[in-house]
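Enquirer: Numbers given in my numbering equal positions in the sequence shown, counted from 1, plus 946.
Glycine is no exception: its CB is placed at the ideal position from the N, C-alpha and C atoms.
One structure coming up, written as C-alpha cells, with questions to follow.
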Amino acid sequence: MTCFANLKRSLTVLATVALLGASAPGGAADSGIPMPSFMEPQGTQCVEDTDFMRRNHMEVILDHRDKTMHEGIRTKKHSLKECINCHAADYQGDEKAREQHFCVSCHQYTAAQPDCFQCHSLKPEQPGAAR
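In C-alpha cells:
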C-alpha cells in the first residue's frame, strides 16, 4: 500500500469512529434509563462534598460505626441518624413517598441491598422527640 492509501484508510476509520461516538447517548439520562427520583434533602449543605458522598458514603458510615462501637467516640457529623434526619422524609405509609425515600431510591437504582435498616429506622426523628 502506498502512503496515500494508508492515510486515506486511517482517515476513513477515524471519521467512522467519530461519527459513531457522536451518535452514542451522552449518559443514562439520554439513554432512556430512568434515573432515581428522590425528595430533596432537608438541610442546606451536606457534611461532605456531594460527589465524595456519592462514592464514599458507605465507607464514611462504616468508619463512623467503628469509631462509635469500638472506640466509644460519638459524633453527629457522620452518624446514620443525622443522615436520615436530613435525607429521609417521613412517608407515613405513603408508598409513593417511600419509593422516593433518598436511600431507597438510589439503592434500588443501583441494585444495592444495604443492611443498615435492619436495625436503624428509615424515618427521620421528629423534632423534640426523646432520644
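What three-state label does DSSP hand Ser934 in the structure shown?
Expert: With the chain running from 947 to 1077 in the structure shown, residue 934 is simply not present.
Enquirer: Would you be able to state if there are at least three C-beta pairs under 8 Å between the segment 1023-1035 and the segment 999-1007?
Expert: Yes, they touch.
Enquirer: Between Gln1059 and chain D, is there a C-beta pair that is closer than 8 Å?
Expert: Of the protein chains in the structure, only one exists, and it is not chain D.
Enquirer: Measuring only the C-alpha atoms, how far is Gln1137 from Pro982?
Expert: The displayed coordinates of the chain run from 947 to 1077. Any statement about residue 1137 would go beyond what the structure contains.
Enquirer: Would you kindly check if the distance between the Cβ of His1024 and the Cβ of Phe1048 is under 8 Å?
Expert: Contact flag unset, no.
Enquirer: Does DSSP classify Arg1020 as helix, strand or coil?
Expert: Coil at Arg1020, not helix or strand.
Enquirer: Using the three-state DSSP reduction, which class does Asp995 fall into: helix, strand or coil?
Expert: DSSP places Asp995 in coil when its eight states are reduced to three.
Enquirer: Helix, strand or coil: how does DSSP classify Cys1052 here?
Expert: In this structure, Cys1052 counts as helix in the three-state DSSP scheme.
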